[in-house]
Amino acid sequence: PSPTSFTPIKHGRDDLSRHWFLAFPPLLLHFFMIFPLRKRFLKNHPNVLLALYAPAELLLLARVRMHVPVPRPMSETAILRGQDLLERVELLHFAVFALVTLAILVHSVRRAPNILLRKQLRIIAYGLGFGVVPSTVFYIVPFILGSRPSTGAELTVLLQAFIPLAFSYSISRYRLVDIE
């Protein structure tokens with residue numbers, strides 16, 4: 058069979074990675090809204106944490122809707138336009154949540170109660186910044202605006218490896234969240 062042909066395993070893996078792509082940004086934002094200290098804003102607005110997940114849920118429902126048969130089927134052109142729009146909105150979702158998370162993380166670095174925590178958070182902020190900002194500026198924004206990003210811009214996705222590397226370095230070097 059052709060490598061591009063449909064197989065349940067490949068289709069399931071693609072769907073799972075798409076679900077994680079939607080879930081990761083609100084999970085990361087949620088984590089940094091409660092770590093290292095719960096943000097004061099959350100004391101007055103505790104439901105904000107639940108609301109963080111609403112955009113991802115709506116995008117997931119829209120994605121599922123594209124695969125549900127309906128009495129009056131959509132044309133192939135409408136389906137392709139819908140898929141294209143969903144991809145753009147999903148990337149926008151990722152970029153907005155990642156940049157908000159970065160802003161909250163920078164705020165946490167400045168307000169860290171001790172130098173060790175400040176160092177831990179600074180490493181993670183650098184990793185998140187190096188991973189997300191170039192991808193957003195050079196790939197996501199042009200893609201959302203309708204132009205085709207350059208090959209160099211497509212390679213900025215490799216910089217996102219800094220995100221887990223920064224976490225693991227901070228954990229091993231500075232015992233982040235007291236994990237050894």
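Residues in the sequence shown are numbered consecutively from 58, following the numbering used here.
C-beta: ideal position from N, C-alpha, C; glycine also.
Treat the numbers as computed from the prediction; the structure is a model and nothing was measured.
Enclosing alpha helix (DSSP H) for residue i [first to last residue]
| i | result |
| --- | --- |
| Arg122 | 111–122 |
| Gly209 | 208–211 |
| Lys96 | No alpha helix (DSSP H) holds Lys96; DSSP gives it neither H nor E. |
| Val198 | 198–201 |
| Val127 | Per DSSP, Val127 belongs to no alpha helix (DSSP H) and is neither H nor E. |
| Thr106 | Strictly speaking, residue 106 in this sequence is Leu, with Thr absent from that position. Start and end: 105–108. |
Residue i, buried or exposed, once every other Cβ within 10 Å from all chains shown has been counted against 16
| i | result |
| --- | --- |
| Ser74 | exposed |
| Glu133 | exposed |
| Phe88 | exposed |
| Trp77 | exposed |
| Pro58 | Residue placement at Pro58 cannot be trusted, given a pLDDT of 39 that sits under 50; what the coordinates show is reported in the next sentence. Burial call: exposed. |
| Leu215 | exposed |
| Ser227 | buried |
| Phe98 | exposed |
| Pro60 | The predicted position of Pro60 is uncertain, since its pLDDT is 42 and thus under 50; a value taken from the coordinates is nonetheless stated next. That one is exposed. |
| Ala210 | buried |
| Gly188 | buried |
| Thr208 | exposed |
| Ala113 | buried |
| Ile236 | Residue confidence for Ile236 is low, a pLDDT of 49 falling below 50, so the modelled location carries little weight; the figure read from the coordinates is stated next. Exposed is the call here. |
| Ser62 | With a pLDDT of 46 at Ser62, under the threshold of 50, the modelled position of this residue cannot be trusted; read the value that follows with caution. Burial call: exposed. |
Interface flag, residue i vs chain D, CB-CB below 7 Å
| i | result |
| --- | --- |
| Ala155 | In the displayed structure, chain D is absent; only one protein chain is listed. |
Whole-Å CB distance - residue i paired with residue j, under 8 Å assumed
| i | j | result |
| --- | --- | --- |
| Met90 | Leu107 | Going by Cβ atoms, the distance from Met90 to Leu107 rounds to 12 Å, so no, they are not a contact pair. |
| Leu143 | Leu116 | 7 Å |
| Leu159 | Leu185 | 5 Å |
| Val166 | Leu178 | 5 Å |
| Pro82 | Ala135 | The pair is not a contact, with the Cβ atoms about 28 Å apart (cut-off 8 Å). |
Where are the beta strand (DSSP E) runs, 3 residues long or more, that stay fully inside the segment 147–196, in chain order? For the segment 147–196, there is no continuous beta strand (DSSP E) assignment of 3+ residues that stays within its boundaries.
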